[in-house]
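Data block below; observations after.
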Amino acid sequence: MKLRTSSGKRRTLLLSAATAGVVVAASIAVVGTAEAASTLGASAAQTGRYFGAAIAAGRLGDATYTRILNSEFNAVTPENEMKWDATEPARGSFNYNGGDRILNQGVAMGAKVRGHALLWHAQQPGWAQSLTGSTLRSAAINHVTQVATHYKGKIYAWDVVNEAFADGGSGARRDSNLQRTGNDWIEAAFRAARAADPNAKLCYNDYNTDGINAKSTGIYTMVRDFKSRGVPIDCVGFQSHLGTTIDSTYQANLQRFADLGVDVQITELDVQQGGNQANIYASVTRACLAVARCTGITVWGIRDSDSWRSDNPLLFDGSGNKKAAYTSVLNALNAGGNTNPTTPPVTPPVTTSPPPQTGSGCTATVSLNSWNGGYVATVRVTAGSSAVNGWTVNVTLPSGGAVTGTWSATNSGTTGTVSFRSVDYNRQVPAGGSTEFGFQGTGAGPGATPTCTVG
Ligand code: XIL
Numbered sequence: 108m109k110l111r112t113s114s115g116k117r118r119t120l121l122l123s124a125a126t127a128g129v130v131v132a133a134s135i136a137v138v139g140t141a142e143a144a145s146t147l148g149a150s151a152a153q154t155g156r157y158f159g160a161a162i163a164a165g166r167l168g169d170a171t172y173t174r175i176l177n178s179e180f181n182a183v184t185p186e187n188e189m190k191w192d193a194t195e196p197a198r199g200s201f202n203y204n205g206g207d208r209i210l211n212q213g214v215a216m217g218a219k220v221r222g223h224a225l226l227w228h229a230q231q232p233g234w235a236q237s238l239t240g241s242t243l244r245s246a247a248i249n250h251v252t253q254v255a256t257h258y259k260g261k262i263y264a265w266d267v268v269n270e271a272f273a274d275g276g277s278g279a280r281r282d283s284n285l286q287r288t289g290n291d292w293i294e295a296a297f298r299a300a301r302a303a304d305p306n307a308k309l310c311y312n313d314y315n316t317d318g319i320n321a322k323s324t325g326i327y328t329m330v331r332d333f334k335s336r337g338v339p340i341d342c343v344g345f346q347s348h349l350g351t352t353i354d355s356t357y358q359a360n361l362q363r364f365a366d367l368g369v370d371v372q373i374t375e376l377d378v379q380q381g382g383n384q385a386n387i388y389a390s391v392t393r394a395c396l397a398v399a400r401c402t403g404i405t406v407w408g409i410r411d412s413d414s415w416r417s418d419n420p421l422l423f424d425g426s427g428n429k430k431a432a433y434t435s436v437l438n439a440l441n442a443g444g445n446t447n448p449t450t451p452p453v454t455p456p457v458t459t460s461p462p463p464q465t466g467s468g469c470t471a472t473v474s475l476n477s478w479n480g481g482y483v484a485t486v487r488v489t490a491g492s493s494a495v496n497g498w499t500v501n502v503t504l505p506s507g508g509a510v511t512g513t514w515s516a517t518n519s520g521t522t523g524t525v526s527f528r529s530v531d532y533n534r535q536v537p538a539g540g541s542t543e544f545g546f547q548g549t550g551a552g553p554g555a556t557p558t559c560t561v562g
C-alpha cells in the first residue's frame, strides 16, 4: 500500500407562508430531550448528516462485518464494484452484479448510496486503457451515461470524476489518457451524468486535498469556474487518507469550497494508527460538523482487516471491536454541530416561480430551511428584461436574529437589514436569467420578500 502523505427525538413540521411575490417554506425541527446517540449513523443523523462506510460485496457474507455495517452506518460506498473495470469489462457490455449487490444492501439498510466512481485514470478496463482521442472520449461519455442511467434515482451522490489533479505544487491536471482527450473531459462527464440522473448529486473527488494547498486550490479554481459557467457540479469529495498529522487548514479548506455553493463530503477517511489516530479522527469529524454544507463522512472500510491499507487505519479492529478512534468519532458526533441545511425537509422546499418581470432591474425570492433557532436561506436573484451587471439584495431579519455565514455573495451587516452583494462570478445575470446565493442565520428567518437592486 502506498500511503499518500501529506435519541433525541425530533419532530419536523412544515410551515409555509405566502407573502406578496414569494412563498417561503420553512421546516422547523423541534428537538426534544437531547440524548447521545449510540451509533455513528444515528448520531450523524442528529445534525442531518450521514456516516458511511465503503463496503465490498465479497464481505457481505461475513456475519461480524454485516452486523457492524447494519448497526453503525447509514451510508455505503462500493469499494470497487461500480468502477469502470467492474461495470464495463468489455466495451459496450455492462455488468452490474457487484454494484447491484452494494445498492441492494444500502437499500435494505435504508442507507444513502454513494456511487464511486464513473471516470478515473485507475481501474480502467484494459480496452479503455488502449483507446485515445475521440474514440476514448466517446467511450468514456457513453460509460457515464450508461452507468448513471442504470442507477438512476438510486444514488445519493456520484463521484463523477475521481483524482484528476496532479500531486505537488503545480495545481494542474494529472496527465492521463482521459486528460489527453481534451481539458473539457471533466465537464463533459458532469453534463452527461446530469442528463442521465438529474437527482443524483454530482461530485468531484480527490486525495491530498486535506488542507489549503496547491492541489486543492487547483480543484477549487475548477469548481469556481464550473459554477460560473453553469457546469452541473453539486459536491466535492475529500478522500482524507491521512497519516499521523492533520493540516491546520483542514476545516478552512472545506469551508472555502462550501462557500462556492457546493456540498462537501469526507469520502474515504482512514487514518494511520500509531500516531494520533483517535484525535485525528475526531478533528476530521468536528471539521465536518462545523461546516454547514459538509453533508457526511465515509470511512474507507469497516475493520482494520478490511482496509486497503496495512496500518490499521479504521474504527474497528480485525475482530470487530470498537477502537479508541471509534469512541472519539462518536463523542465528536454527539457533541453536535452546525445543523446541516441540505437535509431535505419533510416536504421539499416550495420553490417560487420568478415573479412577473415588469421591466429592467432585478427581483429576489427566498426559500428557508429552518430548525429551532436557526435556518439556511437560499435566495434566487432574477434579472428583469435587461441583463444585470452586479446586484445587491437587501434582506430584513427579525430582531434578535443574525447572519452567521454567507456563500456566493458578500454581506455588509449581520443584523436588521442586511445587504448581500454579488461576487465576481455571479455578478452578471442575463436578461430573464437567475443566480443563487445563500446565508445561514440564527433566530427565525426573514419574513418579507427581499428587495433587489442593480449595480
Ligand atoms: C481502492 C480500494 O480500496 C482497493 O480495494 C483497490 O484495490 C484499489 O482502490 N482512492 C479511491 C478509491 O478513490 O477508489 C481507492 O480504493 C483508494 C484510493
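The number in the numbering used here is simply the position in the sequence shown, starting from 1, with 107 added.
Note that beta-carbon positions come from the ideal geometry of N, C-alpha and C, so glycine has one too.
Assigned exposure category for residue i - 16 Cβ within 10 Å defines buried
{"i": "Gln547", "result": "buried"}
{"i": "Val214", "result": "exposed"}
{"i": "Gly344", "result": "buried"}
{"i": "Ser323", "result": "buried"}
{"i": "Ser426", "result": "exposed"}
{"i": "Asn496", "result": "exposed"}
{"i": "Ala84", "result": "No answer is possible for residue 84: the residues shown for the chain start at 108 and end at 562."}
{"i": "Tyr553", "result": "Here the sequence assigns Pro to residue 553, which means Tyr is not the residue at that position. It is buried - the Cβ of Pro553 has at least 16 other Cβ atoms within 10 Å."}
{"i": "Asp531", "result": "exposed"}
{"i": "Gly508", "result": "buried"}
{"i": "Ser355", "result": "exposed"}
{"i": "Pro196", "result": "exposed"}
{"i": "Arg363", "result": "buried"}
{"i": "Asn564", "result": "Missing from the structure shown is residue 564; the chain here goes from 108 to 562 and no further."}
{"i": "Ala564", "result": "No information on residue 564 is available, as it lies outside the stretch 108 to 562 that the chain covers here."}
{"i": "Ala538", "result": "exposed"}
{"i": "Asp282", "result": "exposed"}
Helix, strand or coil at residue i [DSSP, three-state]
{"i": "Val378", "result": "strand"}
{"i": "Trp265", "result": "strand"}
{"i": "Asn496", "result": "strand"}
{"i": "Asp76", "result": "Past the boundaries of the shown model lies residue 76; the chain is included only from 108 to 562, so the question cannot be answered."}
{"i": "Lys308", "result": "strand"}
{"i": "Phe364", "result": "helix"}
{"i": "Val398", "result": "coil"}
{"i": "Leu475", "result": "strand"}
{"i": "Ile248", "result": "helix"}
{"i": "Ser412", "result": "helix"}
{"i": "Thr470", "result": "strand"}
{"i": "Ser178", "result": "helix"}
{"i": "Arg156", "result": "coil"}
{"i": "Asp531", "result": "helix"}
{"i": "Thr489", "result": "strand"}
{"i": "Gly481", "result": "strand"}
{"i": "Asn284", "result": "coil"}
Rounded straight-line distance, which links the Cα of residue j to that of residue i
{"i": "Gly278", "j": "Gly512", "result": "28 angstroms"}
{"i": "His257", "j": "Asn177", "result": "25 angstroms"}
{"i": "Thr549", "j": "Tyr327", "result": "28 angstroms"}
{"i": "Asp266", "j": "Thr558", "result": "38 angstroms"}
{"i": "Asp411", "j": "Gln236", "result": "32 angstroms"}
{"i": "Asn419", "j": "Ala555", "result": "54 angstroms"}
{"i": "Leu437", "j": "Gly381", "result": "20 angstroms"}
{"i": "Ser492", "j": "Gln535", "result": "13 angstroms"}
{"i": "Ile409", "j": "Ala164", "result": "13 angstroms"}
{"i": "Arg156", "j": "Gly466", "result": "43 angstroms"}
{"i": "Thr522", "j": "Pro505", "result": "8 angstroms"}
{"i": "Leu238", "j": "Asn284", "result": "8 angstroms"}
{"i": "Met189", "j": "Cys469", "result": "45 angstroms"}
{"i": "Ala389", "j": "Thr242", "result": "46 angstroms"}
First through last residue of the beta strand (DSSP E) which encompasses residue i
{"i": "Arg528", "result": "524–528"}
{"i": "Arg221", "result": "219–227"}
{"i": "Asn211", "result": "Taken as a continuous stretch (DSSP letters only), Asn211 belongs to no beta strand (DSSP E), being part of the alpha helix (DSSP H) at 204–216."}
{"i": "Thr324", "result": "Segment 321–336 is the alpha helix (DSSP H) holding Thr324; no beta strand (DSSP E) there."}
{"i": "Gln547", "result": "541–549"}
{"i": "Thr513", "result": "509–514"}
{"i": "Gly344", "result": "342–345"}
Range covered by the alpha helix (DSSP H) that runs through residue i
{"i": "Tyr576", "result": "The structure shown does not extend to residue 576, since the chain spans only 108 to 562, so no value can be given for it."}
{"i": "Asn518", "result": "It is not in any alpha helix (DSSP H) - Asn518 instead sits in the beta strand (DSSP E) that spans 517–519."}
{"i": "Phe297", "result": "292–303"}
{"i": "Thr194", "result": "191–194"}
Cβ-heavy atom distance, residue i to ligand 2, below 6 angstroms
{"i": "Asn187", "result": "No copy of ligand 2 appears in this structure; the ligands present are ligand 1."}
Query raised in the report: Does the pairing of the segment 526–534 with the segment 495–502 give three or more beta-carbon distances under 8 angstroms?
Result: yes
Query raised in the report: Can at least three beta-carbon pairs, one atom from the segment 243–253 and one from the segment 297–304, be found at a separation below 8 angstroms?
Result: yes
Report task. Give a yes or no on contact between the segment 360–371 and the segment 395–404, applying the rule of three or more CB pairs nearer than 8 angstroms. Result -> yes
Query raised in the report: Taking three-plus beta-carbon pairs below 8 angstroms as touching, is the segment 162–181 in contact with the segment 221–239?
Result: no
Query raised in the report: Can we say the segment 352–360 touches the segment 329–343, given the rule of at least three CB pairs closer than 8 angstroms?
Result: no
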